[in-house]
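These protein sequence lines map, in sequence, to chains F and E. When you read off a place in the first sequence, starting at 1, and then add 102, the result is the number in our numbering. When you read off a place in the second sequence, starting at 1, and then add 312, the result is the number in our numbering. Here is the structure we will look at, set down as structure tokens.
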Amino acid sequence: MTLVQEQTPTTATDEESGGPLLEVSDLKVHFPVKRGLIFDRTVGLIKAVDGVSFSIMPGETLGLVGESGSGKTTTGRAILQLVKATSGRVMFEGADLVSLSGNNMRRMRRRLGMVFQDPYGALNPRMTAGDIIGEPLVVHKLYQGRQDLRRQVGELLETVGLNRSMVDRYPHEFSGGQRQRIGVARALAARPSFMVLDEPVSALDVSIQAQIINLLQNLQDEFELSYLFIAHDLSVVRHISDRVAVMYLGKIVEVAQCDELYENPLHPYTKALLSAIPIPDPELDRRRDRIVLEGDIPSPLNPPSGCVFHTRCPVAVEDCPAYVPELREVAPGHWVACIRADGYGQYYTSTAG
Amino acid sequence: MTEPLLEVKNLKTYFHSSAGQVRAVDGSSFYIHEGETLGLVGESGCGKSVSALSVMRLIPNPPGRIEDGEVIFEGRDLLQLTEAEMREVRGSKIGMIFQEPMTSLNPVLTIGRQLTETLELHLKMTKQIANRRAAELLDMVGIADPEQRLKDHPHQLSGGQRQRVMIAIAMSCNPKLLIADEATTALDVTIQAQILELMMQLTNELGTGLLIITHNLGVVARYADRVNVMYAGKIRETGPAIDLYRNPKHPYTVGLLNSVPRLDSRSGSRLIPIEGEIPDPANLPTGCAFRPRCQWAVDKCASEDPPLVEAAEGQMTACWEHENVTRTPTGALA
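Structure (structure tokens):
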């Protein structure tokens with residue numbers, strides 16, 4: 103088995119456009135499971151994120167998809183140092199965020215934004231829209247006098263498609279879509295270069311979802327933002343992403359350019375995931391192949407040996423429980439962690455590397 | 313054509329709150345034939361769940377009340393039945409599955425007890441027979457090691473397994489109609505596919521009518537024979553799934569199809585959202601409720617709410633301008 107790769111999966115055009123903005127290497131987040139009243143004995147380890155590597159270029163959107171327990175949210179939080187990484191590096195604008203001191207990290211925070219799934223839970227109900235959006239400006243002292251703060255907040259409101267006159271309203275006076283716009287304005291306030299968007303449209307109605315997706319695309323063009331777009335909905339991810347990484351039980355199983363991944367999925371999990379999502383076009387959808395995976399997603403406390411997907415994999419062979427498959431580049435920019443996958447959507451009959 | 317299995321006529325369910333009267337369902341009519349799958353789609357607050365709860369007569373009163381209409385099921389108007397007669401219908405003739413199985417299952421009873429309860433009550437089975445049948449039902453919905461699982465409590469099962477148990481309970485008395493209200497919305501993508509396939513397979517095998525209530529246009533496209541599109545308490549368009557998706561005749565249906573991201577669209581392509589917000593159900597616009605968000609609206613739309621009229625063979629739409637409505641706003645046919 104010679105499947106070890108030293109590089110991290112990046113875009114094919116990496117060298118031409120000058121290095122990545124964000125580079126995550128071998129990121130691990132393990133949560134101890136404790137038991138006992140007096141002595142906290144560690145009885146197990148949840149490997150929420152288990153050796154994840156990827157990079158994001160300036161202005162690029164990486165979609166990160168997976169189901170519950172895949173570690174996609176924890177990955178986003180570990181990048182922003184909202185949970186502590188067990189090991190690994192997160193290089194961003196020349197610094198390793200994992201090893202930055204508290205003060206240095208605090209200064210770096212203004213370059214990083216985050217938008218959460220739940221626009222109800224993410225906003226303090228006792229603060230006005232203006233206070234919520236202006237808070238990052240106040241924290242990082244990015245304004246000159248009250249007039250200037252008010253002006254900047256007003257501009258942010260307009261940038262996200264809200265009215266300046268809404269500045270003194272409270273979160274409950276806004277609809278779900280408007281609240282998510284406030285969340286976006288706040289994330290944008292300190293002029294970050296990179297944003298983690300964690301399921302930003304999952305809680306919204308279809309007609310409102312499209313408004314927010316378009317807003318995020320427009321802002322990216324306007325402010326040259328890089329996004330890590332975390333979602334379970336592969337249809338949404340296709341719209342907004344340049345590249346997509348698929349996670350399963352703490353590991354990336356496939357990464358590729360967006361259209362390449364959807365048109366030529368190689369990992370059996372990616373194939374099943376795509377086939378499980380119906381296309382809103384009955385004539386087209388009813389002609390598609392359906393792969394229905396058996397069984398449940400295993401507990402991350404006790405993941406299967408070898409390839410973590412082998413218990414549900416329709417094409418698993420004898421070697422799968424024995425070897426942990428590394429990500430290999432099987433086509434330019436297309437990486438897959440499966441010992442059977444070739445670069446054409448077929449499977450090797452034996453485990454030839 | 314034979315009599316439909318279920319026929320809802322001019323259903324009106326209103327809620328009374330301090331904010332005023334909310335016409336959650338305001339004159340909705342639809343039907344389901346035996347063995348047919350009907351999709352009821354719409355966004356939050358459109359009245360799709362209230363429609364189903366009205367059929368089951370599970371509207372909390374107060375604040376809700378079925379003001380008017382008929383729900384004809386197997387020749388009887390369910391709205392006229394006594395509470396005891398209705399209980400009989402709920403358990404054994406019409407099954408219902410909800411979004412969150414944990415709130416529908418009793419946390420302190422075993423899975424087995426929750427299954428046998430229905431069997432003993434409605435089918436008058438003895439304990440032993442009911443137990444054997446319960447294990448068969450779990451096996452039927454794809455739960456491994458059914459005898460053991462009967463002794464489990466709900467919290468010991470995964471979300472997907474719990475929803476399988478709900479299906480087993482709903483199907484235990486061979487109902488004529490199964491109502492699935494956002495039954496797979498809370499589940500992971502691959503589990504959602506499992507549950508939907510299971511529901512389709514069972515209803516096909518047993519000839520059960522199926523009402524799928526969802527906000528997911530993809531799920532309806534994949535499984536429904538016919539589709540009702542609801543907006544602000546009313547069915548705005550109805551028709552065979554293939555025709556309705558191919559040639560939508562209501563501006564709201566067009567708007568939904570244009571705004572939903574598709575798995576097969578190119579990366580970076582832009583969606584066409586519906587402008588504006590879903591209206592406050594306590595304070596709906598006059599005339600057609602969709603008018604403020606509609607690109608085809610004319611003066612008449614502000615004063616008169618359009619009725620459902622036939623726009624194409626088997627396809628009804630509630631829009632004054634339906635002859636001008638096309639999927640591509642320029643009018644070019646694809």
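Using N, Cα and C, we set each Cβ at its ideal position, and we do this for glycine too.
Short Cβ contact (9 angstroms threshold) for residue i with residue j
i, j, result
"S571/E", "A312/F", "yes"
"V154/F", "G352/F", "yes"
"T550/E", "L620/E", "yes"
"I491/E", "G387/E", "no"
"V131/F", "G146/F", "no"
"T496/E", "I481/E", "no"
"L352/E", "I525/E", "yes"
"G521/E", "L318/E", "yes"
"I310/F", "S343/F", "no"
"I441/E", "V477/E", "no"
"M512/E", "T349/E", "yes"
"L164/F", "V417/F", "no"
"V151/F", "L129/F", "yes"
"L435/E", "V383/E", "no"
"E385/F", "I554/E", "yes"
"L199/F", "L225/F", "no"
"V426/F", "C415/F", "no"
"R335/E", "P593/E", "yes"
"A231/F", "L259/F", "yes"
Any C-beta of chain B under 9 angstroms from that of residue i
i, result
"E549/E", "Absent from the structure: chain B. Protein chains present are F and E."
Beta-bridge pairing of residue i - partner residues as DSSP gives them
i, result
"T325/E", "V337/E and I378/E"
"N540/E", "L352/E and T550/E"
"P134/F", "L147/F"
"W437/F", "V357/F and E431/F"
"G215/F", "M297/F"
"T668/E", "What the structure shows of chain E is the stretch from 313 to 646, and residue 668/E is not part of that stretch, so it cannot be assessed."
"S328/F", "F296/F"
"S189/F", "K130/F"
"R209/F", "Paired residue(s): none; R209/F is not in a bridge."
"G332/E", "S329/E"
"F342/E", "V320/E"
"T163/F", "Y329/F"
"R266/F", "R266/F is not bridged to any residue."
Beta-carbon separation (whole angstroms), residue i vs residue j, contact threshold 8 angstroms
i, j, result
"G354/E", "Y543/E", "6 angstroms"
"L239/F", "Q254/F", "6 angstroms"
"V138/F", "M349/F", "A quick correction: the sequence has Gly, not Val, at residue 138/F. So it is not a contact: roughly 32 angstroms between Cβ atoms."
"V501/E", "L375/F", "6 angstroms"
"C485/E", "T430/E", "6 angstroms"
Environment of residue i [buried if 16+ CB atoms lie within 10 Å]
i, result
"E494/E", "buried"
"Q460/E", "exposed"
"H274/F", "exposed"
"D389/E", "exposed"
"L645/E", "The predicted position of L645/E is uncertain, since its pLDDT is 35 and thus under 50; a value taken from the coordinates is nonetheless stated next. Exposed: under 16 other Cβ atoms inside 10 Å."
"Q473/E", "buried"
"K612/E", "exposed"
"N528/E", "buried"
"A114/F", "Confidence at A114/F is low in this model, with a pLDDT of 43, below 50, so the placement of that residue is unreliable and no value is reported for it."
"K243/F", "exposed"
"Q359/F", "buried"
"I140/F", "exposed"
"T598/E", "exposed"
"T314/E", "exposed"
"L270/E", "Since the first and last residues shown for chain E are 313 and 646, residue 270/E lies out of range."
"A456/E", "exposed"
"L184/F", "exposed"
"E162/F", "buried"
"M103/F", "Here the model assigns M103/F a pLDDT of 36, short of 50, so the residue's position is not dependable, and the following value carries that caveat. Classification for M103/F: exposed."
"V610/E", "exposed"
"T325/E", "buried"
"T177/F", "buried"
"R208/F", "exposed"
"A614/E", "exposed"
"T428/E", "buried"
Contact test: residue i Cβ vs the ligand COA heavy atom, cutoff 8 angstroms
i, result
"Y245/F", "The ligand COA is not among the ligands present in this structure, which contains no ligands whatsoever."
Inspect the CB distances between the stretch 357–372 of chain F and the stretch 430–444 of chain F and report whether three or more fall short of 8 angstroms.
-> Contact between the stretch 357–372 of chain F and the stretch 430–444 of chain F is present, because at least three Cβ pairs lie under 8 angstroms.
Count the CB pairs spanning the stretch 292–300 of chain F and the stretch 329–344 of chain F that are closer than 8 angstroms, and state whether there are at least three.
-> Under the three-pair Cβ rule at 8 angstroms, the stretch 292–300 of chain F counts as touching the stretch 329–344 of chain F.
So, do the stretch 530–548 of chain E and the stretch 336–346 of chain E have three or more beta carbon pairs nearer to each other than 8 angstroms?
-> Because the criterion of three Cβ pairs below 8 angstroms is met, the stretch 530–548 of chain E and the stretch 336–346 of chain E touch.
Any contact of the stretch 409–421 of chain E with the stretch 465–472 of chain E, i.e. 3+ C-beta pairs under 8 angstroms?
-> The stretch 409–421 of chain E vs the stretch 465–472 of chain E: in contact.
Touch check for the stretch 411–422 of chain F and the stretch 159–174 of chain F: three-plus C-beta pairs under 8 angstroms?
-> Because the criterion of three Cβ pairs below 8 angstroms is not met, the stretch 411–422 of chain F and the stretch 159–174 of chain F do not touch.
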